[in-house]
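As structure tokens, the structure follows; a few thoughts come after it.
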Amino acid sequence: MNLNERIMAVFRGETPDVIPWFADLTYWYESLIKTGRLPEKYKGNSRFGVGVELYKELGCGAHEELYNLPAKLIFKNTKIRVNRYKDDQGNIITERKYITPIGTISSKVKYMYTSYSSAFIKYCVNSVEDLKVLKYMYENLEVKENRKNIELQYEWMKEWREYGVVSSIPPRTPFSRMLVEWAGVMNTLRLYWRAREELEDLLQIMAERDDMIYEIISEAPAPLVYFGENLTSEVISPRIFRQYYEEYYNKRAREMHRHGKYIYVHIDGTLRSALPCVGKTEVDCAQALTPAPAGDIPIERFRELAGPKIILWGGLPGVFFSKKYPEKLLMNMLEKIFKYHLSSRKFIVGVADQVPPDGDIIRVKHISERIEKEGRYL
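First residue of the sequence shown? That's 204 in this note's numbering, and the numbers climb one at a time after it.
Structure follows, in structure tokens:
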């Protein structure tokens, strides 16, 4: 079996010849691209400009490079103004304004070259008045098919057919969208306690508009659907999950299953309450699972918390790929995956969450070699 066949076998409930191994290398090679150090032979047509050759050499599968949204989202009657400038430290600030007939909201995102990462320094929604503007925007949201992205999925599936799996990525579920994109944790929770009716009205409108997006995703060629939620138990309590996630997940899972597609949910934070909550839903896979000591739960307890049916994806802390840590720590974690999860046939080995910019990339190849020898089912 090739790498694509292995991961799809697990999603179909079948047994592959070898436990699948799919790694997120995007953070590592983005740093090489930004500094002009990525070798020409590794360049290609993925989202970040990397080709399949890198994965052929390393022997692992690609996924994070190969997703897109096969729909266009257009906020009608809203003017969007984008301004980029440098701050005193040379970081890039991107200011985005949404100008509507009932008001304007704006955000600022800082890109930091020292860490090759970005973060919000100002969110669009800070008050009930801002919430009204965002509600207006979603009431006037137009959803269209994105033929360019659909064709790109076909291209990826052809070019990466042995070394990658292609996904459609919808917008985050409405509550996560508020937490991550529009309001941030503090503002969202403040609105939850002080203006819940207004917040829930907006969440309902978002969910209704999402229906059109999932209709397009259901007809797109990608076999997987990626919920890029960035869940963490520190923010999403069981109560919040039951209120705003559980029913939504189950609805989308049923829709996608009717069209032969599978959903995986990105949980790159702490797992203690998030993993059991996701495991009880009808989605297929919990992804980017980080074990202790980098995370909060030992890898031997993953299945206990998740329940028997959901696929688990992750297990190798990204920090252990850094040259600051001995490779033995990484290999010890792989041994635990073999010991506790190989027999379940419901585990995908993955980096949790990413190989860092200072990662020793040869360790990825070492993992591949060891999996081929010791991770066999047949």
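All C-beta atoms in this analysis are idealised placements derived from N, C-alpha and C, irrespective of residue type, glycine included.
| task | May I ask you to verify whether the stretch 466-486 touches the stretch 501-520, counting CB pairs closer than 8 Å and requiring at least 3? | result | yes
| field | Within 8 Å, strictly: CB atoms of Tyr451 and Ala410 | value | yes
| message | Once DSSP output is grouped into helix, strand and coil, what is the label at Thr307? | response | strand
| Among the residues of its own chain, which have a CB less than 6 Å from the CB of Glu345, if the five just before and after it don't count? | Ile277, Lys279
| field | When Phe251, Pro374, Trp231, Val331 are compared against Trp396, the one with the closest alpha-carbon | value | Val331
| Tell me the DSSP bridge mates of Leu515? | Ala489, Phe550
| request: Kindly indicate which three-state DSSP category Met315 falls into: helix, strand or coil? | output: strand
| query | Any chance the stretch 369-378 sits against the stretch 426-443, with 3 or more Cβ pairs inside 8 Å? | reply | yes
| field | Residue environment, Gln356, which counts as buried when at least 16 other CB atoms sit within 10 Å | value | buried
| Is there contact between the stretch 522-541 and the stretch 562-577, where contact requires at least three CB pairs shorter than 8 Å? | yes
| What is the DSSP secondary structure of Gly387, reduced to helix, strand or coil? | helix
| field | Per-residue DSSP class, three states only, for Ser436 | value | coil
| message | Output needed for Lys259: all residues of its chain with C-beta closer than 7 Å, excluding positions within five of it in sequence on either side, in chain order. | response | Tyr366
| query | From the DSSP output, which residues share a beta bridge with Arg579? | reply | Val221
| Nearest-angstrom Cα separation, counted from His266 out to Ile408 | 30 Å
| task | Using three-state DSSP, classify His462 as helix, strand or coil. | result | coil
| field | Enclosing alpha helix (DSSP H) for Asn286 [first to last residue] | value | That residue, Asn286, is in no alpha helix (DSSP H); its beta strand (DSSP E) goes 282-289.
| message | Per the DSSP calculation, Val253 is bridged to which residue(s)? | response | Lys246
| query | Residues bridged to Ser301 by DSSP? | reply | The question names Ser, yet the displayed sequence has Tyr at residue 301. Ile283, Ile308.
| said: Just to confirm before moving on: does the CB-CB distance between Tyr543 and Glu503 stay below 8 Å? | reply: yes
| First and last residue of the beta strand (DSSP E) that includes Asp526? | First, the residue type needs correcting, since residue 526 is Lys and not Asp in the sequence shown. Looking at the DSSP string, Lys526 is not in any beta strand (DSSP E), and its letter there is neither H nor E.
| Which of helix, strand or coil DSSP assigns to Gly482 | helix
| message | Residues in the same chain with beta-carbon distance under 6 Å from Asn286, minus the five sequence neighbours each way, listed in chain order, please. | response | Glu298
| message | Using the three-state DSSP reduction, which class does Pro377 fall into: helix, strand or coil? | response | helix
| If you compare alpha carbons, which of Glu449, His462, Val522 is closest to Val486? | Glu449
| task | Please go through the same chain and pick out, in chain order, the residues whose beta-carbon is closer than 7 Å to the beta-carbon of Lys338, but skip the five residues on each side of it. | result | Asp404, Leu405, Ile408
| request: Give the range of the alpha helix (DSSP H) segment to which Ile277 is assigned. | output: It is not in any alpha helix (DSSP H) - Ile277 instead sits in the beta strand (DSSP E) that spans 274-278.
| query | When you compare each of Pro529, Val522, Ser547 to Trp516 by their alpha carbons, which one comes out closest? | reply | Ser547
| field | C-alpha gap between Trp385 and Val312, whole angstroms | value | 12 Å
| request: Spatial neighbours of Pro377 within its chain, please: CB distance less than 6 Å, with the 5 preceding and 5 following residues excluded, ordered by chain position. | output: Leu406, Met409, Ala410
| As assigned by DSSP and simplified to three states, the class of Pro559 | coil
| said: Quick check on Asn343 - is its C-beta less than 8 Å from some C-beta in chain B? | reply: In the structure shown, chain B does not exist; there is a single protein chain.
| query | Is Gln446 near Val468, with beta carbons less than 8 Å apart? | reply | no
| Exposure of Glu268, with buried meaning 16 or more beta-carbon neighbours within 10 Å | buried
| field | Where the alpha helix (DSSP H) through Ala509 begins and ends | value | 505-509
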